[in-house]
Amino acid sequence: MTLLLAETDQLATEEGDELALERRRGLRVQQHRPVKVYDSTTARYFGGRTEDVSSTGLRLELPAFAPIRGGEMLNIHVGLNAQGETLANRRQMIPARVVWVDRSQSAKRGRLEVGVEFLASIAARLDAA
426 MTLLLAETDQ LATEEGDELA LERRRGLRVQ QHRPVKVYDS TTARYFGGRT
476 EDVSSTGLRL ELPAFAPIRG GEMLNIHVGL NAQGETLANR RQMIPARVVW
526 VDRSQSAKRG RLEVGVEFLA SIAARLDAA
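Okay, structure coming up:
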């Protein structure tokens, strides 16, 4: 497991002509674990893996054919190891909102990257306000 030591609110990535600032705060851990994603708008499951993990969300790598868009709601199950484990049912999945989708970097490998925010962290911020 590798820890990223940079403050995440200071990092930026280029997306075409735009400059998008990283908005996650706190520690981010680079970790590769299998994920199962359920997209309720298409009623389909997709397999993928985590790229990094924080207390408020995940950066995921998913198949390029996944019809994922920003603002969409997903249900996610994160596996414990690279070999996977028994399939999770929808009650065991974590609800999350898609914050960003990047099809440019990984498209050559047939993959896309997605940033998701856990709904529990959104609710916690609303309660604190």
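Residue numbers (our numbering): 426 to 554.
We put the beta carbon where it would ideally sit given N, CA and C, even for glycine.
Item: Buried or exposed: which applies to residue 490, given that a residue is buried once 16 or more other Cβ atoms fall within 10 Å of its Cβ?; Value: exposed
Item: Classify residue 446 as helix, strand or coil using the three-state DSSP reduction.; Value: Per-residue confidence for residue 446 stands at a pLDDT of 48, beneath the threshold of 50, marking its modelled position as unreliable; no derived number is given.
Item: In chain order, what residues of the same chain have a beta carbon less than 6 Å from the beta carbon of residue 477, not counting five sequence neighbours either side?; Value: 453, 455 and 484
Item: Considering only the beta carbon of each residue, do residue 460 and residue 504 sit closer than 8 Å?; Value: yes
Item: So the candidates are 493, 467, 519 and 474; which of them puts its Cα closest to the Cα of residue 544?; Value: 519
Item: So residue 471 is in the beta strand (DSSP E); what residue range does that whole segment cover?; Value: 469-479
Item: Would residue 369 and residue 526 qualify as a contact pair, given that the criterion is a beta-carbon distance under 8 Å?; Value: In the structure as shown, the chain starts at 426 and stops at 554, and residue 369 therefore has no counterpart that could be examined.
Item: For the candidate residues 535, 487 and 516, whose alpha-carbon lies nearest to that of residue 471?; Value: 487
Item: Helix, strand or coil for residue 544? Go by DSSP, reduced to three states.; Value: helix
Item: For the beta strand (DSSP E) that contains residue 487, what are its first and last residues?; Value: 482-488
Item: Hey, how far is the Cα of residue 537 from the Cα of residue 474?; Value: 11 Å
Item: Thinking just about the alpha-carbon of each residue, which of 458, 522 and 479 is nearest to the one in residue 465?; Value: 522
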